[in-house]
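Have a look at the structure below, then the notes.
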Ligand code: NAD
Ligand code: TYD
């Protein structure tokens, strides 16, 4: 049996990756290592938690001796590294938390993998999951390619860029077999309601204002999370060692337009009069240093690995809204307790 370490598997993207691997590869032992921060939630994995080829371990990627022991105990052949602090607004409020987890935590993992594999790198693979935000902000033209120079603009993207550089440095210096992907904005079930779409779904449901930063003209390229998990599967198994793959949805939207579309879908599903929820849209103070536009050119992964998004955006958004409306307990659990404190601080007038 192949043993694979997935970090951050209780988070938004991680739980979809863990589910896909556990259900698809019965000859893999999947070890999900997660610290269970505010963003990690074992309720995301209730459907697979008792499968024979799945193990959950609570722990911190910054804890070097603990990670070393884990490599000895499970003899990992591969790592898929997703654990991170992932929200730009939180990185503006507390940059050091992002340096700790995203930079130091990644270097810890690299050290453990290197120590465990250095005598025999054959068949091993360290896959680092990153973001398109490392490339900075685009104007109205152009796309991020794999060789676009890094130009991170927020503490979050600076910490992810730094971690990407360390991964490449370990490949160059120690010949660690690495692969990296940089993906655009994900949406879908199980996303913590601090990010734009689930925050607006939750607020529309409760008739609360929809806070749109600035004029709502910033553009993001949206990808359904299960399609990202499929891309991670393809890159883990077929990606060329030492390569980078950009993953995106070929699907750019202005924030204000995506929120309006969401309002239309929610009004229909909740039986509210047409355009009712749009009255909740409220323009608020812009995010500091707000990146204007992200757009991925995902032709490399499409041409080389045969991956492309499986869902049209409207279909994906409908599925997402349905999931949040059906999973009321999940939403109540994650929005109780400390969520309200975060919300009050972030959106105070
Ligand atoms: P998330 O915030 O939903 O989940 C992060 C997970 O990591 C949580 O389960 C958390 O408990 C865990 N974690 C945090 N610190 C940890 C630590 N020190 N040790 C162990 N576990 C820890 O994030 P996400 O949206 O699922 O993103 C996953 C990865 O994908 C991140 O590396 C992120 O940079 C990248 N990414 C995200 C997006 C996106 O749109 N969400 C897009 C591109 C890339
Ligand atoms: P977000 O979901 O935080 O992802 P990212 O910053 O990583 O792209 O934000 C998506 C876009 O929505 C981004 O341009 C910021 C904007 N936004 C708002 O306008 N209001 C909000 O309350 C949030 C959370 C985001």
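Residue numbers (this note's numbering): 162 to 510.
Where is the CB? At the ideal position from N, CA and C, for every residue including glycine.
Residue range of the unbroken beta strand (DSSP E) whose run includes residue 295:
Reading the chain shown from its first residue, position 134 is the one you call residue 295. Per DSSP, residue 295 is not a residue of any beta strand (DSSP E), being assigned neither H nor E.
Cβ-Cβ separation, residue 457 to residue 305 (assumed contact under 8 Å), whole Å:
For the purposes of this step, residue 305 is identified with residue 144 of the chain shown, where counting begins at 1. For the purposes of this step, residue 457 is identified with residue 296 of the chain shown, where counting begins at 1. Confirmed, Cβ separation roughly 5 Å.
Is the beta carbon of residue 416 within less than 7 Å of some heavy atom of ligand 2?
Translated into positions along the chain shown, residue 416 becomes position 255. For ligand 2, at least one heavy atom lies less than 7 Å from the Cβ of residue 416.
For residue 273, I'd like the list of residues in its chain whose CB is within less than 8 Å of its CB, leaving aside the five on either flank, ordered along the chain.
One-based indexing of the chain shown puts residue 273 at position 112. Correct list, in chain order: 225, 228, 229, 231, 232.
Please state whether DSSP places residue 316 in a helix, a strand or coil.
Against the chain shown, residue 316 aligns to sequence position 155. Here residue 316 sits in helix by DSSP.
Do residue 358 and residue 481 count as a contact pair if the criterion is CB distance below 8 Å?
As a position in the chain shown, residue 481 is number 320, starting the count at 1. As a position in the chain shown, residue 358 is number 197, starting the count at 1. In this structure, residue 358 lies closer than 8 Å to residue 481 by Cβ.
Secondary structure, alpha helix (DSSP H): runs of 4+ residues fully inside the stretch 373 to 409
386 to 399
Report the partner residues of residue 240 according to the DSSP bridge assignment.
Reading the chain shown from its first residue, position 79 is the one you call residue 240. Residue 240 pairs with 166, 287.
Check whether the Cβ of residue 463 lies closer than 7 Å to any heavy atom of ligand 1, and answer yes or no.
Taking the chain shown and counting its residues from 1, one reaches residue 463 at position 302. Within the chosen limit of 7 Å, ligand 1 does not reach the beta carbon of residue 463 with any heavy atom.
Suppose the cutoff is 6 Å on Cβ atoms and the five residues either side in sequence are ignored; what does the same chain contact list for residue 448 look like?
Residue mapping note: residue 448 aligns to position 287 of the chain shown, counting from 1. So the qualifying residues of the chain are 374.
Whole-angstrom C-beta distance between residue 215 and residue 191, which should lie under 8 Å:
The residue labelled residue 191 in the question sits at position 30 within the chain shown. The residue labelled residue 215 in the question sits at position 54 within the chain shown. About 5 Å separates the two Cβ atoms, so the contact holds.
C-alpha gap between residue 415 and residue 455, whole angstroms
Your numbering for residue 415 matches position 254 in the chain shown. Your numbering for residue 455 matches position 294 in the chain shown. Roughly 10 Å between the two C-alpha positions.
Answer with buried or exposed for residue 301, where buried requires no fewer than 16 other C-beta atoms within 10 angstroms of its C-beta.
Position 140 of the chain shown, counted from the start, is the residue given in the question as residue 301. Result: exposed.
Taking 7 Å as the cut-off, is the C-beta of residue 222 nearer than that to any heavy atom in ligand 1?
Here residue 222 refers to the residue found at position 61 when the chain shown is read from its first residue. Yes, ligand 1 has a heavy atom inside 7 Å of this Cβ.
Between which two residues does the beta strand (DSSP E) harbouring residue 473 extend?
As a working note, residue 473 is residue 312 in the chain shown. Here residue 473 belongs to no beta strand (DSSP E), and DSSP marks it neither H nor E.
Segment contact flag, the stretch 329 to 336 with the stretch 385 to 393, C-beta cutoff 8 Å, min 3 pairs:
no
Is any heavy atom of ligand 2 found at a distance shorter than 7 Å from the C-beta of residue 421?
Taking the chain shown and counting its residues from 1, one reaches residue 421 at position 260. No; taking the cut-off as 7 Å, the Cβ of residue 421 has no heavy atom of ligand 2 nearer than that.
So residue 314 packs on residue 452, CB below 8 Å; how close in whole Å?
Here residue 314 refers to the residue found at position 153 when the chain shown is read from its first residue. Here residue 452 refers to the residue found at position 291 when the chain shown is read from its first residue. Right, their Cβ atoms sit about 6 Å apart.
Less than 8 Å between the beta carbons of residue 363 and residue 295, yes or no?
As a first step, residue 363 is located in the chain shown; it is residue number 202 there, counting from the start. As a first step, residue 295 is located in the chain shown; it is residue number 134 there, counting from the start. Cβ distance not < 8 Å, so residue 363 and residue 295 don't count as in contact.
Would you give the residue range spanned by the alpha helix (DSSP H) that residue 203 belongs to?
Sequence index remark: in the chain shown, residue 203 carries index 42 (1-based). Here residue 203 belongs to no alpha helix (DSSP H), and DSSP marks it neither H nor E.
Cβ of residue 220 within 8 Å of Cβ of residue 194?
Mapped onto the chain shown, residue 220 falls at position 59. Mapped onto the chain shown, residue 194 falls at position 33. Yes.
Residue span of the beta strand (DSSP E) that contains residue 342, given as start and end
Position 181 of the chain shown, counted from the start, is the residue given in the question as residue 342. Taken as a continuous stretch (DSSP letters only), the beta strand (DSSP E) holding residue 342 covers 339 to 344.
Under 7 Å from any heavy atom of ligand 4, does the C-beta of residue 249 make it?
Summarising the ligand content, the structure contains ligand 1 and ligand 2 and does not contain ligand 4.
Using the C-alpha atoms, what's the distance from residue 352 back to residue 174?
Along the chain shown, one-based indexing puts residue 174 at 13. Along the chain shown, one-based indexing puts residue 352 at 191. Rounded to the nearest angstrom, the two C-alpha atoms are 8 Å apart.
Is the Cβ-Cβ distance between residue 421 and residue 439 less than 8 Å?
Along the chain shown, one-based indexing puts residue 421 at 260. Along the chain shown, one-based indexing puts residue 439 at 278. Their beta carbons are under 8 Å apart, which means residue 421 touches residue 439 by this criterion.
List the residues that DSSP assigns as beta-bridge partners of residue 216.
If you number the chain shown from 1, residue 216 lands on position 55. The beta-bridge partner set that DSSP reports for residue 216 consists of 192.
Go ahead and label residue 367 buried or exposed: buried means 16 or more other beta carbons lie within 10 angstroms of its beta carbon, across all protein chains shown.
If you number the chain shown from 1, residue 367 lands on position 206. Counting the other CB atoms within 10 Å of its CB gives residue 367 a total below 16, which places it among the exposed residues.
Looking at residue 372 and ligand 2, is the gap between the Cβ and the nearest heavy atom below 7 Å?
By one-based count along the chain shown, residue 372 stands at place 211. Flag set: Cβ of residue 372 near ligand 2.
Is residue 260 near residue 345, with beta carbons less than 8 Å apart?
On the chain shown, position 99 is the one that residue 260 refers to. On the chain shown, position 184 is the one that residue 345 refers to. No.
Can you tell which of 378, 434, 382 has the C-alpha that lies nearest to the C-alpha of residue 444?
Walking along the chain shown from the start, residue 444 turns up at place 283. If we check each option's Cα against that of residue 444, 378 comes out closest.
Which whole-angstrom value describes the C-beta separation of residue 188 and residue 163, a residue pair presumed to lie in contact below a C-beta threshold of 8 Å?
Position 27 of the chain shown, counted from the first residue, corresponds to residue 188. Position 2 of the chain shown, counted from the first residue, corresponds to residue 163. Sure, about 7 Å apart at Cβ, within 8 Å.
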